[in-house]
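Residue numbers (full-length UniProt numbering): 1 to 337.
Where a beta carbon is used, it is the ideal one built from N, C-alpha and C, also for glycine.
Written as structure tokens, this is what we have:
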């Protein structure tokens, strides 16, 4: 099978994006609309009728927004009606909060994924792209990390995602549901939560903090600009050979948190003191110390390659966060669990 060119217009039909109100989900909605897809976007229900980051999209008039919760199986069935392709991103993702409320991660990430798979099977969707995370690999036993690497859940969050991935793959094996498990490494960019290290650094510096409060600077990560992650998800949705497969999305570039911080400070022209804050540290056995993506499989299947290198991606991210309108959405002086 010849890989589909990355820039070929999408012919996916009606797409449902769960978690569309979040960081990656809102960017994916933008990409799908730009590629000519009809998009139904799930925002988690709240009494304020607020649609998260969807509210900031200029393409919002072209999007059908529904509010609800994937923990309700009957709601999942209703929202799936008429859908051709599902991009399942809805999840609880903050690792520190998973130490505080692990039950909620099982309910949303495992049970919620079961509900999504049941509904997708019932209505006969053409493709379900389930979004995993590199955290399921734990600290690398070898690098770069390919899809055969053992799974090592080192936090309740990663354990819940291992469970969610297994549910999705079991529906392919048991019922023929056309599932692909997409496993992005560390995505960053505009709109990301301040719980992540890159927004934490940029927002603190942009707010004028003279002391930068961070966690452990030793771990390494494979950072990916959000537009590349979304392009990877779209490429997998259009690849028949990816059905039933787990596929990494990453850059094949490893950098330590400390070096990432130094690069951000260089790009921002900032001189600040960096302090380790104990409340930002994971429990010792829970920290994932090394992540480095082997991205050969996605390139072989789809022809996908990331386009935005770390320096350019950080420049774009800094430009977004330092806009006062965007910065005021964050609380740089407060640790965001």
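What does DSSP give as the partner residues of residue i in its beta bridges?
i: residue 358; result: Because the chain is modelled from 1 through 337, residue 358 falls outside the range shown and cannot be assessed.
i: residue 68; result: 44
i: residue 274; result: 212
i: residue 136; result: For residue 136, which the question treats as bridged, DSSP gives no partner whatsoever.
i: residue 130; result: 88 and 181
i: residue 39; result: 15 and 63
i: residue 311; result: DSSP lists no partner for residue 311.
i: residue 290; result: 220
i: residue 95; result: Answer is none; residue 95 lacks a bridge partner.
i: residue 145; result: 293
With residue i and residue j assumed to form a contact (beta carbons below 8 Å), what rounded beta-carbon distance in angstroms separates them?
i: residue 289; j: residue 298; result: The Cβ separation is near 24 Å, so there is no contact.
i: residue 191; j: residue 26; result: 6 Å
i: residue 172; j: residue 131; result: In fact, because the Cβ distance is near 15 Å, the residues do not count as touching under 8 Å.
i: residue 125; j: residue 86; result: 5 Å
i: residue 73; j: residue 118; result: 6 Å
i: residue 147; j: residue 247; result: 7 Å
i: residue 266; j: residue 292; result: Not quite, the Cβ-Cβ distance comes to about 22 Å (not below 8 Å), so this is no contact.
i: residue 201; j: residue 264; result: 5 Å
i: residue 83; j: residue 14; result: 5 Å
i: residue 233; j: residue 129; result: 6 Å
i: residue 229; j: residue 184; result: 5 Å
i: residue 208; j: residue 91; result: 33 Å between Cβ atoms; not a contact.
i: residue 306; j: residue 224; result: 6 Å
i: residue 268; j: residue 205; result: 5 Å
i: residue 252; j: residue 144; result: 6 Å
Tell me which residue opens and which closes the beta strand (DSSP E) that residue i is part of.
i: residue 88; result: 85-88
Mind checking which residues open and close the alpha helix (DSSP H) that includes residue i?
i: residue 76; result: 73-80
i: residue 118; result: 112-123
i: residue 30; result: 23-34
i: residue 330; result: Element bounds for residue 330: n/a, residue is neither H nor E.
i: residue 323; result: Careful: residue 323 lies outside any alpha helix (DSSP H) and carries neither H nor E.
i: residue 335; result: Note, residue 335: premise wrong, no alpha helix (DSSP H); not H, not E.
i: residue 342; result: Examination of residue 342 is not possible in this model, given that the chain is present from 1 through 337 alone.
Segments of 4+ residues assigned as alpha helix (DSSP H) that fall wholly inside the stretch 148-187: 156-175
Could I get the ranges of all uninterrupted alpha helix (DSSP H) runs contained in the stretch 188-216, with 4 residues as the minimum, in chain order? 197-206
Report the residue ranges of all alpha helix (DSSP H) runs contained in full by the stretch 235-268; include only those spanning at least 4 residues, in chain order. 257-268
Cβ contact check for the stretch 274-284 and the stretch 169-180: 3 or more pairs under 8 Å: no
Should the stretch 51-63 be called in touch with the stretch 85-98, which here means at least 3 C-beta pairs below 8 Å? no
Examine the Cβ distances between the stretch 190-209 and the stretch 136-148 and report whether three or more of them are shorter than 8 Å. no
Using a Cβ distance threshold of 8 Å, determine whether the stretch 203-214 contacts the stretch 151-161, with at least three qualifying pairs required. no
Touch test, the stretch 113-123 against the stretch 26-43, Cβ-Cβ under 8 Å, three pairs minimum: no
Is the stretch 322-331 close to the stretch 213-230, with three or more CB pairs under 8 Å? no
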